[in-house]
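Asks:
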Amino acid sequence: MQAQSGETAHFMNSRNAHYWLLASFAVLCLLLVPWSAIGASWRECDTQSMARSLAFEDFDVLHPRVNWRGDTDGSVEAEMPVYQALTALTMRWCGDVEWPGRAWSLLATLVGGLALHRLLRSSTGSPGAASAGLAAYLVSGSVVLTSCRVMPDALSVALCLIGLAMFDRMLRGGRPQGWLWVGAMVCTVFGCLAKPTSLQVVAIQFGWLLALAPRQIRNWRVLAVLVVPTVLTMSWMLHAASIGAETGLTFGVLRAGDSKLPHLKHLLAPGLFVGLAWTAVQFGPGVAGCASFLGLAVRRRFVWLDLAVTAPVVLALIATLRYSSSGGMGPHYHQWAAVAGAWFVARWWSVRNGPLTAWLICALVVVTAVWSFARERSAVRTAASASILEVASDLQAATKPGELVVVRSPKQRVDDYWQRRNNYEDPVVLYHARRFGWVIPSDEFTPDVLAVLLRDGAKAIVDFAPDRVDDATREWLAAHTTLVGECAGGRVLRVNP
7 MQAQSGETAH
17 FMNSRNAHYW
27 LLASFAVLCL
37 LLVPWSAIGA
47 SWRECDTQSM
57 ARSLAFEDFD
67 VLHPRVNWRG
77 DTDGSVEAEM
87 PVYQALTALT
97 MRWCGDVEWP
107 GRAWSLLATL
117 VGGLALHRLL
127 RSSTGSPGAA
137 SAGLAAYLVS
147 GSVVLTSCRV
157 MPDALSVALC
167 LIGLAMFDRM
177 LRGGRPQGWL
187 WVGAMVCTVF
197 GCLAKPTSLQ
207 VVAIQFGWLL
217 ALAPRQIRNW
227 RVLAVLVVPT
237 VLTMSWMLHA
247 ASIGAETGLT
257 FGVLRAGDSK
267 LPHLKHLLAP
277 GLFVGLAWTA
287 VQFGPGVAGC
297 ASFLGLAVRR
307 RFVWLDLAVT
317 APVVLALIAT
327 LRYSSSGGMG
337 PHYHQWAAVA
347 GAWFVARWWS
357 VRNGPLTAWL
367 ICALVVVTAV
377 WSFARERSAV
387 RTAASASILE
397 VASDLQAATK
407 PGELVVVRSP
417 KQRVDDYWQR
427 RNNYEDPVVL
437 YHARRFGWVI
447 PSDEFTPDVL
457 AVLLRDGAKA
467 IVDFAPDRVD
477 DATREWLAAH
487 TTLVGECAGG
497 RVLRVNP
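Shown next, in the form of structure tokens:
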């Protein structure tokens with residue numbers, strides 16, 4: 007056992023260990039997680055529909071568009087479509103396919119991993135510690151998920167990690183060299199624009215500044231790295247809010263959409279924090295990161311940079327508690343927690359650099375990797391075979407391109423427990439059917455609402471909750487529509503001429 011542990015430590019300390027780790031991760035993603043269609047994956051369908059609009063409608067990054075647009079042009083209040091634009095440019099070359107987004111996500115994770123390794127090595131002075139931290143990061147459930155999905159999270163975190171690594175090098179160099187501060191600023195800007203939740207990296211950078219070079223706080227180049235990404239991201243959010251005010255379409259970036267913020271009663275609910283902790287173990291710092299944090303706490307070996315990493319991540323998870331407390335709703339919100347986990351694994355490795363530490367961390371990493379890849383493999387297969395895809399096929403067959411559709415979501419407008427607007431705009435069936443239209447909440451599926459939408463041009467209705475139709479609505483549907491498709495996922499009704 008001790009000999010094996012020594013070999014593990016020797017491998018981690020080798021010059022090319024991080025390259026082997028990244029290559030192994032890429033191979034596992036390609037071989038274990040099916041590169042099949044995105045299927046019924048909600049966020050992937052929304053992201054891919056934005057990319058498809060940029061590729062084949064109008065390449066206007068200032069106005070991202072969704073399929074649940076009703077009779078508008080589809081412009082929606084959302085993050086800046088940086089990732090979607092890269093995917094769209096690739097799709098213009100290779101056609102209407104879904105693999106480019108996954109390729110960009112995997113590539114972003116690999117590049118971000120290199121930046122993370124550079125940051126950890128600079129901070130700990132140990133290549134072995136940096137490699138151990140990188141391994142813990144790569145097997146986190148959120149990292150495996152975002153690396154294999156058509157989602158902007160991997161690109162956002164990768165750009166911000168590059169910016170943070172450059173910022174770290176700039177501060178440790180004693181003066182802000184031109185290319186470093188510009189690179190750190192630009193990467194952080196686009197990382198935060200791609201996903202505004204990554205603004206927590208600015209708080210991490212500020213903590214880095216206070217811990218490493220507090221005298222540089224008056225240097226305008228250093229301040230630019232902190233201020234410019236914040237100002238530009240907030241400016242985009244205001245611009246996006248104006249789009250939402252005009253079209254009524256929103257993901258809830260600033261307007262009253264699907265807010266993740268908790269009320270006071272939620273902050274006082276122990277069950278939510280138990281859920282948050284369990285989700286963090288699965289998708290965030292993982293067992294290795296949590297164990298390393300506890301090890302440092304017991305030995306009282308914390309430094310100021312530990313607080314700089316921990317505080318922004320914890321506050322961000324609490325601010326998004328509605329989603330971050332659930333592995334089914336917000337596992338991707340834990341990706342910065344995975345970065346924090348990598349940090350503490352590297353720190354613990356550098357403090358306890360012995361064979362036993364190497365064996366324990368590597369064992370935890372292997373166990374986590376098995377769980378993460380098995381879970382993602384199962385999730386992708388489930389999404390690819392969901393019954394909603396049959397509904398989409400029926401809808402496409404029953405309608406013509408350009409005809410508008412009404413989709414009844416299985417969700418109601420307001421979440422009773424959270425007292426927040428639900429994210430009920432299900433994009434899956436509209437994306438796969440290549441149709442546009444309205445998505446209405448389940449509790450607003452009434453004759454009055456449907457009559458207005460028919461006057462606005464709706465030619466078909468998709469009902470995902472046919473068992474929850476009242477008598478008045480059932481009579482209205484019988485008089486105005488004809489059933490053209492039905493399966494376990496729902497039914498498709500064609501509006502009578």
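Numbering (my numbering), first residue to last: 7 to 503.
The beta-carbon is built from N, C-alpha and C at its ideal position, and this holds for glycine as well.
(1) If we require 3 or more residues per run, which beta strand (DSSP E) segments fall completely within the stretch 396-472?
(2) On a CA-only basis, which of Asp52, Phe31, Val371 and Trp355 is nearest tyrosine 430? Give me that one, please.
(3) Where DSSP assigns a beta bridge to valine 498, which residues make up the other side?
(4) In this structure, what does DSSP give as the bridge partners for serine 81?
(5) Quick one: Cα of threonine 316 to Cα of valine 413, how far?
(6) Give the single residue among Glu83, Val231 and Asp66 whose Cα lies nearest to the Cα of valine 192.
(7) Whole-angstrom Cβ separation of alanine 200 and tyrosine 89, contact assumed at under 8 Å?
(8) Tell me whether threonine 326 sits in a helix, a strand or coil according to DSSP, three-state version.
(9) Between the stretch 47-66 and the stretch 434-447, do at least 3 Cβ pairs fall closer than 8 Å?
(10) Since tryptophan 482 contacts leucine 456 with CB under 8 Å, what's their CB separation in whole angstroms?
(11) Can you tell me where the alpha helix (DSSP H) with alanine 109 in it begins and where it stops?
(12) Taking the beta carbon of leucine 244 as the centre, do at least 16 other beta carbons fall within 10 Å, making it buried, or is it exposed?
(13) Please return the same chain residues whose Cβ sits closer than 8 Å to the Cβ of threonine 239, not counting the five positions on each side in sequence.
(14) Over the uninterrupted alpha helix (DSSP H) stretch that includes alanine 283, give me the two end residues.
(15) Quick one: using the 10 Å Cβ neighbour count with 16 as the cut-off for buried, is valine 233 buried or exposed?
(16) Quick one: what's threonine 256 bridged to in DSSP?
(17) What's the gap between the Cα of glutamate 104 and the Cα of leucine 218?
(18) Using the Cα positions of glycine 76 and threonine 374, report the straight-line distance between them to the nearest angstrom.
(19) Would you check if the stretch 267-280 and the stretch 166-186 touch, i.e. whether three or more CB-CB distances between them fall below 8 Å?
(20) Distance check for tryptophan 214 and arginine 358, CA to CA, integer angstroms please.
(21) Leaving out five residues before and five after glycine 336 in sequence, what residues of the same chain have Cβ atoms less than 6 Å from its Cβ?
(22) Check for me: the alpha helix (DSSP H) holding glycine 35 runs from which residue to which?
Replies: The short version:
(1) Counting whole runs of 3 or more residues, the stretch 396-472 contains the beta strand (DSSP E) stretches 410-414, 442-446 and 464-469.
(2) When each option's Cα is compared against that of tyrosine 430, the closest is Asp52.
(3) Val468 and Gly491
(4) In DSSP, serine 81 forms a bridge with Arg71.
(5) 42 Å
(6) Looking at the Cα atoms, Val231 is the closest of the given residues.
(7) 5 Å
(8) coil
(9) yes
(10) Going by Cβ atoms, the distance from tryptophan 482 to leucine 456 rounds to 7 Å, so yes, they are a contact pair.
(11) Where alanine 109 is concerned, the enclosing alpha helix (DSSP H) stretches over 105-130.
(12) exposed
(13) Val195, Cys198, Leu199, Pro202 and Leu205
(14) 276-289
(15) exposed
(16) Glu83
(17) 44 Å
(18) 43 Å
(19) Per the Cβ contact rule, the stretch 166-186 is not in contact with the stretch 267-280 (fewer than 3 Cβ pairs under 8 Å).
(20) 23 Å
(21) Tyr329 and Ser330
(22) The question names glycine, yet the displayed sequence has cysteine at residue 35. Taken as a continuous stretch (DSSP letters only), the alpha helix (DSSP H) holding cysteine 35 covers 23-38.
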